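Each residue of the sequence shown is one higher than the one before, counting from 256 in the working numbering.
Encoded as structure tokens, the structure appears first; notes follow it.
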Amino acid sequence: MKLYDFTLSGNCQKIRMMLAMLGIDYETRSVSLVDKEQFLPEFLAVNPLHKVPVIDDDGFLLRDSAAILIYLARKYGRPEWYPDNPEAMAEIQQWLSFSVNEVFNGFAIARALIIFKREGDHGAAVELSRQGLDFMEQHLKDHDWLALERTTIADIACYPYTALIEEGHVSLDPYPGIRAWIGRVEALPGYVAMPGLPYSA
């Protein structure tokens, strides 16, 4: 297994966590987004959409963090990570959609505008972030996990950019339920931290 990876990417962190939790050995191929290595011809041959993460599983190339999580859970994980009954799949899928909409467009963009000094409307990203955080907090007041009352790939998908959000100048102080959930994720067997995670040991 090879992982095309950028250390500071929350989307790549999802895959590093999943691989570690499943006990899968892998090689890392670093792709620096800061140095624009995603546009080099050798990486474009792997992913013409010039994005990480990408995995190469014995010649099977797969891009997109949500697709990779589903693939790893189904091929290498326990059924609990991503069950095959329609109701359970749908409950998880709505959180995967949340991770690529509210979480990425709010949490990740707010962070990217600060730490990578990108141009954009930080105020709009913060407002979208707070809407997403309010939604998560309301759910986590009554639930330990995002879906199915247990750990699933929904938690892995939403965790990194939520835990990193304070790098985007959005405080988690008003969200005790989210902070407790972050702690539960970090206590999972096989959890691996990444640079910048504010609640990592």
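Ideal Cβ positions, reconstructed from N, Cα and C, are used throughout, including at glycine.
Remember, it's a predicted structure, so these values are computed and weren't measured experimentally.
Note to self: Beta-carbon within less than 7 Å of Tyr409's beta-carbon, same chain only, minus the 5 sequence neighbours each way: which residues are those?
What the structure shows: Inspection of the sequence shows that residue 409 is occupied by Ala rather than by Tyr. If we look at Ala409 and ignore the five residues flanking it on each side, its Cβ neighbours are Ile347, Trp350, Leu351, Leu401 and Ala402.
Check: So, are the CB atoms of Val440 and Tyr414 less than 7 Å apart?
Finding: yes
Notebook entry, point to check: If you count every other CB in all the chains shown that lies within 10 Å of the CB of Val289, and 16 or more means buried, which is it?
Noted result: exposed
Next item on the list: Look at the Cβ atom of Leu368, then the Cβ atom of Gly375, and state whether they are nearer than 7 Å.
Entry: yes
Check: So the alpha helix (DSSP H) Arg329 belongs to, where does it begin and stop?
Finding: Residues Ser320 to Tyr331.
Checklist line | For Leu316 and Tyr326, believed in contact at Cβ under 8 Å, the rounded distance | finding: That pair is no contact at about 11 Å.
Checklist line | Cα-Cα separation between Ala442 and Thr406, rounded to whole angstroms | finding: 11 Å
Next item on the list: May I ask you to report which of helix, strand or coil DSSP gives Asp410?
Entry: helix
Next item on the list: Grab the span of the beta strand (DSSP E) containing Arg284 for me, first residue to last.
Entry: From DSSP, the beta strand (DSSP E) with Arg284 extends over Glu282 to Ser285.
Note to self: Quick check: Asn356 and Ser320, are their CB atoms within less than 7 Å of each other?
What the structure shows: no
Note to self: Are the CB atoms of Val381 and Val425 within a distance shorter than 7 Å?
What the structure shows: yes
Checklist line | Cα-Cα separation, Gln393 to Leu295 | finding: 43 Å
Margin query: Residues in the same chain with beta-carbon distance under 6 Å from Gly445, minus the five sequence neighbours each way, listed in chain order, please.
Written below: Ala275 and Met276
Checklist line | Proximity test, Phe390 beta-carbon vs the ligand HEM heavy atom, cut-off 6 Å | finding: The ligand HEM is not part of the structure shown, which contains no ligands of any sort.
Check: Counting only runs that start and end within the region 350-375, where is the alpha helix (DSSP H) found for 4 or more residues in a row?
Finding: 364-370
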